[in-house]
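My numbering puts the last residue of the sequence shown at 143; the count rises by one with no breaks. Here is the structure we will look at.
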Amino acid sequence: MVGGVALVNALTSESTGPGPAPSMTVHPSQEPESPPETTSASAPPLEIRVVGQPTSVFVKESGSRGAVLQRGVLATGETRRYDTAPLDVVVTNSASVEVRIYGTLQEDVDGGRGEWVVPIR
Numbered sequence: 023m024v025g026g027v028a029l030v031n032a033l034t035s036e037s038t039g040p041g042p043a044p045s046m047t048v049h050p051s052q053e054p055e056s057p058p059e060t061t062s063a064s065a066p067p068l069e070i071r072v073v074g075q076p077t078s079v080f081v082k083e084s085g086s087r088g089a090v091l092q093r094g095v096l097a098t099g100e101t102r103r104y105d106t107a108p109l110d111v112v113v114t115n116s117a118s119v120e121v122r123i124y125g126t127l128q129e130d131v132d133g134g135r136g137e138w139v140v141p142i143r
């Protein structure tokens with residue numbers, strides 16, 4: 023329950039800027055492109071790609087003391103990859119993003135707030 027409250031507070035509080043991101047690669051681009059097909063063995067634990075309007079994204083290491091890896095708005099065309107797990111992920115507008123967990127595209131049918139948990143493999 024504490025972790026869920028922390029995620030809600032992180033998205034609704036004023037941003038002080040993105041936190042440290044030791045295990046991420048940022049690949050912004052102007053035009054959306056099709057992501058390369060990857061196998062689950064070679065895919066990172068988490069990849070977030072903004073394909074619609076800019077949206078707020080929050081990523082943290084799981085657990086009550088997990089480090090915040092991303093807190094803020096990602097622009098259209100931005101891609102973030104995270105090489106660590108487990109992770110908790112919250113996106114304000116899930117219709118604006120493609121979320122892949124170990125290479126598998128995650129579905130969010132309502133297109134509103136999206137929440138995912140990335141397990142350890």
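Backbone N, C-alpha and C fix where the C-beta goes; we use that ideal spot for every residue, glycine too. Computed from a predicted model, the values in this text were never measured in an experiment.
Residue ranges of uninterrupted beta strand (DSSP E) with 3 or more members, entirely inside the region 52-121 and ordered along the chain, are 68-72, 77-83, 90-96, 101-104 and 109-113. Closest in alpha carbon position to G133, among T126, G125 and V112, is V112. Assigned with DSSP and collapsed to three states, G136 falls in strand. Buried is the label assigned to G136, since at least 16 other Cβ atoms lie within 10 Å of its Cβ. Relative to G74, the option among V139, L96, L127 and L68 whose CA is nearest is L96.
Take I142, set aside five residues on each side of it, and the residues of its chain with a beta-carbon closer than 7 Å to its own are A107 and P108, in chain order. The beta carbon of L127 is closer than 8 Å to those of E120 and V121 in its chain, skipping five residues each way along the sequence. As the crow flies, the alpha-carbon of G94 is around 16 Å from that of E69. Per the coordinates, the alpha-carbon of V79 lies some 12 Å from the alpha-carbon of A117.
Contact check for T98 and V72: beta-carbon distance about 5 Å, within the 8 Å limit, so the pair qualifies. Judged by beta-carbon spacing, Y104 lies beyond the 9 Å limit of V90, meaning their Cβ atoms are not closer than that value.
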